[in-house]
Amino acid sequence: MMDISIAQKLFEAMKRFNKAEFNHRSIKGVRHSEMMLMFYVKKRTEANTAGLKVSEISEMLGVTSPTVTQLLNSLEVKDWIERTVDQKDRRAVRVKLSIEGERVIQQAIAVTEASFNELIQYLGEEESNHLADLLTKAYQYFEQKEMDLTQSGDESLC
1 MMDISIAQKL FEAMKRFNKA EFNHRSIKGV RHSEMMLMFY VKKRTEANTA
51 GLKVSEISEM LGVTSPTVTQ LLNSLEVKDW IERTVDQKDR RAVRVKLSIE
101 GERVIQQAIA VTEASFNELI QYLGEEESNH LADLLTKAYQ YFEQKEMDLT
151 QSGDESLC
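Residue 41 in the UniProt record's numbering is what sits at position 41 of the sequence shown, and the numbering runs on without skipping anything.
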């Protein structure tokens, strides 16, 4: 059996990463949930598309439509998103980033890249590559474990 202190050390390290929220604090005045929604909308829409439906956003983020609507209201007040009526289904509303929203995302990307470049300087290239490999391997382990549990039907252990 593995030394419990190693498991505790890993758990504490992961917990500290979660607490740090290093990728959300990049821009003052932007909440984590707002940034996540904006990144998702950016990633899933092209400049020439009509945008995403609220239901699509809520499904992909794993939150309810009212939660998404509340976030969208906050982003709309800040002029970071645009809502338009779907031309094919007049009952549906489409969401995409505004020009200002695109600017906020670009700023967040720049700050995040700078932060990671500083980390690379701190750790060095070799340790940075090793860390990236280990984090990828850990992610793949947990992803596979979740898939195995889901396929076995015992989701209570997830």
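The C-beta atom is built at its ideal place from N, Cα and C for all residues, glycine as well.
Predicted, not measured: the structure shown is a model, and the values here were computed from it.
Answer yes or no: do residue i and residue j have a C-beta to C-beta separation smaller than 8 Å?
{"i": "A71", "j": "S98", "result": "The amino acid occupying residue 71 in the given sequence is Leu; Ala does not appear at that position. Taking 8 Å as the Cβ cut-off, L71 and S98 do not qualify as a contacting pair."}
{"i": "residue 190", "j": "V30", "result": "The requested residue 190 does not occur in the structure, where the chain is confined to residues 1 to 158."}
{"i": "I57", "j": "A108", "result": "no"}
{"i": "R83", "j": "V68", "result": "no"}
{"i": "V77", "j": "V85", "result": "no"}
Helix, strand or coil for residue i? Go by DSSP, reduced to three states.
{"i": "R83", "result": "strand"}
{"i": "K28", "result": "coil"}
{"i": "Y139", "result": "helix"}
{"i": "L10", "result": "helix"}
Determine the direct distance from the alpha carbon of residue j to that of residue i, and round the result to whole angstroms.
{"i": "L37", "j": "L75", "result": "9 Å"}
{"i": "M60", "j": "P66", "result": "14 Å"}
{"i": "residue 228", "j": "G124", "result": "Here the chain covers residues 1 to 158 and nothing more, so residue 228 does not appear."}
{"i": "A114", "j": "E100", "result": "21 Å"}
{"i": "H130", "j": "L10", "result": "16 Å"}
{"i": "F17", "j": "A132", "result": "14 Å"}
{"i": "N23", "j": "I120", "result": "Interpretation of N23 is limited by its pLDDT of 49, a score under 50 that renders its predicted location unreliable; the figure taken from the coordinates is listed afterwards. For N23 and I120, the distance between alpha carbons rounds to 16 Å."}
{"i": "D79", "j": "E102", "result": "11 Å"}
{"i": "L126", "j": "L135", "result": "Reading off the sequence, residue 126 comes out as Glu, not Leu. Their backbone Cα atoms lie some 14 Å apart in a straight line."}
Does the structure place the segment 79-99 close enough to the segment 51-64 that three or more beta carbon pairs sit under 8 Å?
Enough Cβ pairs lie closer than 8 Å, so yes.
At which residue ranges does the segment 75-122 contain complete beta strand (DSSP E) runs of 3 or more residues, listed in the order of the chain?
81-85 and 93-97
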